[in-house]
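S.K.: First the structure, then my questions, so here it is.
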Amino acid sequence: MARIELKDWPIPLENGGETVLETMIAHGVPFPYSCASGDCGACKGRVLCGEVAHDSATAGILSATERADGYVLACRCTPKGDLRIEALDELVALPAARRQRGWVVSRQHRQGDVVVLRVKPAKPVHYLAGQFFYLKFDNLPQRAYSVASLPGADELEFHVRLVEGGKTSSYVSRDNLVGSEVTVDGPHGHGYWRQNHGGPIVAIGGGTGLAPVLSIIGAALAANAHRHVHLYYAARVEADVYWEAELAALARQYPNLRVDCALSRAEPSEQGPLPRRYQRVTASLAQDWPSLAGAKLYIAGPPKMVEAVAVTARELGLAARDLHTDPFSDAADHKLDGAFTSGLRRFVGRWRRPPFELAGLATQEG
Ligand SMILES: Cc1cc2nc3c(=O)[nH]c(=O)nc-3n(C[C@H](O)[C@H](O)[C@H](O)COP(=O)(O)OP(=O)(O)OC[C@H]3O[C@@H](n4cnc5c(N)ncnc54)[C@H](O)[C@@H]3O)c2cc1C
1 MARIELKDWP IPLENGGETV LETMIAHGVP FPYSCASGDC GACKGRVLCG
51 EVAHDSATAG ILSATERADG YVLACRCTPK GDLRIEALDE LVALPAARRQ
101 RGWVVSRQHR QGDVVVLRVK PAKPVHYLAG QFFYLKFDNL PQRAYSVASL
151 PGADELEFHV RLVEGGKTSS YVSRDNLVGS EVTVDGPHGH GYWRQNHGGP
201 IVAIGGGTGL APVLSIIGAA LAANAHRHVH LYYAARVEAD VYWEAELAAL
251 ARQYPNLRVD CALSRAEPSE QGPLPRRYQR VTASLAQDWP SLAGAKLYIA
301 GPPKMVEAVA VTARELGLAA RDLHTDPFSD AADHKLDGAF TSGLRRFVGR
351 WRRPPFELAG LATQEG
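In terms of the UniProt record's numbering, the sequence shown is residues 1 to 366.
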């Protein structure tokens, strides 16, 4: 019998030969994990003292350097004796997902082919800022949408971009949607706001990737109005900027919130109250942040943009534990590009959703 001590967890855990993750789960510890099979890297931790026997199947997720530095996958290792380990992420008990009926209470068409939906679930639902829900209309397949509203709100707000040929997004573009029933399943996802981090927040929302980012920065600023938050609203052209007045109002309310619009395919012109950056968001990030060490970075939106920003952020010194991504796949069920998605998973390394949610390529920005 080995003893596992987990940093920031008050009680030592007994291990009877099972994996470290199995021990965590058996003791009700909210250790981060997803696939539990060595594929996603979500349960990455670091051994502070002691030794583990590590499964060889982790080669694609843990680099040789990480292994040398004591990083392990909790689902693929067993203690060789007493062990002290730390999780790379905060230990947070995620709210349980549940499936229930809801109704569309408002629907607003915005520029950039975006529909802002407000949905009232039959029962109040507890979620963390930045999580997503599956919405299922009529007899259509369910689709994931990130919640833009703050936790505690009665109604859930979603920003849905119309995708050409898309089943659900075309459906919500209909005029007579208010009053329609919708099945709401959630919350899901791990791109949520990390409350315990006190450093600066850098948030990047590409297209409707703004939705979860709004929820995250809204919750963070509500908790501490003076914290330093830099939001990059990434889009291609002016016509895609569908949420400018609200962001400008938020920036007026919070002096330490800076919001920039990064337009990757627009010609410079005097437009709107928010500052424009006529370049890719990665270029703005590199210009503004000589180092991202100590910051938390949240990125949501098109997978290609998320991957590009993640690469830049790591070059700027962002620690792996401070990167939280929410790539939208506009063809999640079509498995369009397995090669790309496995690349992103390997890179991000702390991905906690099944691989199918990474399939597909969106190009709202870039
Ligand atoms: C975690 C997460 C959060 C998300 N949050 C948001 C959000 O907040 N806002 C938002 O707008 N989107 C979000 N998305 C994307 C969203 O879930 C949908 O993928 C998107 O709205 C398109 O759904 P749809 O039913 O309209 O399109 P689909 O019917 O899924 O079609 C999508 C595209 O695939 C094509 N296609 C359809 N069938 C096939 C097929 N068999 N093979 C190949 N291609 C096909 C279509 O022509 C279309 O171009 C999120 C995705 C994820 C994974």
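All C-beta atoms in this analysis are idealised placements derived from N, C-alpha and C, irrespective of residue type, glycine included.
These numbers were taken from a predicted model, which means no experiment stands behind them.
Kindly indicate which residue of C261, V259, H159, A220 has the alpha-carbon position closest to the one of A211.
M.R.: H159
S.K.: Enumerate in chain order the residues of its own chain whose CB-to-CB distance from G16 is below 7 Å, with the five nearest sequence positions on each side excluded.
M.R.: M1
S.K.: Closest to N256 by CA distance: which of E155, G152, V202, V47 is it?
M.R.: V202
S.K.: State yes or no: is the C-beta of P200 within less than 8 Å of the C-beta of A295?
M.R.: yes
S.K.: Do R236 and S264 have their CB atoms nearer than 8 Å?
M.R.: yes
S.K.: Alpha carbon to alpha carbon, what distance is there between A153 and N139?
M.R.: The alpha-carbon atoms of N139 and A153 are separated by roughly 28 Å.
S.K.: On the DSSP letters alone, give me the boundaries of the alpha helix (DSSP H) that residue 375 sits inside.
M.R.: No information on residue 375 is available, as it lies outside the stretch 1 to 366 that the chain covers here.
S.K.: Kindly list the residues whose CB is nearer than 7 Å to the CB of E90, restricted to its own chain and excluding five residues on each side of it in sequence; keep chain order.
M.R.: R194, N196.
S.K.: Using the beta-carbon count (16 or more within 10 Å), is A220 buried or exposed?
M.R.: buried
S.K.: Just list the beta strand (DSSP E) runs in the region 248-330, keeping only unbroken ones of 3 residues or longer that don't cross its boundaries, in chain order.
M.R.: 257-263, 296-301, 323-327
S.K.: Within the continuous beta strand (DSSP E) that includes P212, where are the two ends?
M.R.: Counting along the chain, P212 falls outside any beta strand (DSSP E), though it belongs to the alpha helix (DSSP H) covering 210-223.
S.K.: Determine contact between the region 248-262 and the region 165-174, defined as no fewer than three beta-carbon pairs at a distance below 8 Å.
M.R.: Contact between the region 248-262 and the region 165-174 is absent, because fewer than three Cβ pairs lie under 8 Å.
S.K.: Is F340 helix, strand or coil by DSSP?
M.R.: Only weak support is given to the placement of F340: the predicted model assigns it a pLDDT of 35, under 50, and the question is left unresolved by the model.
S.K.: If we ignore side chains and look at the alpha-carbon of each, how far apart do Q111 and V92 end up?
M.R.: 37 Å
S.K.: CA-CA distance, R277 and Y298?
M.R.: When only Cα atoms are considered, R277 and Y298 end up about 19 Å apart.
S.K.: Please work out which residues of its chain come closer than 6 Å, Cβ to Cβ, to D240, disregarding the five sequence neighbours upstream and downstream, and give them in chain order.
M.R.: G112
S.K.: Find out if the Cβ-Cβ distance for the pair H324, G191 is shorter than 8 Å.
M.R.: yes
S.K.: Specify the secondary structure class of R174 as computed by DSSP and reduced to three states.
M.R.: coil
S.K.: Could you round the C-beta distance between V147 and Y127 to whole angstroms and report it? I think they count as a contact, below 8 Å.
M.R.: 6 Å
S.K.: Would you mind working out which of G45, S284, A26, D55 sits nearest S37, comparing C-alpha positions?
M.R.: The residue with the shortest Cα to Cα distance from S37 is D55.
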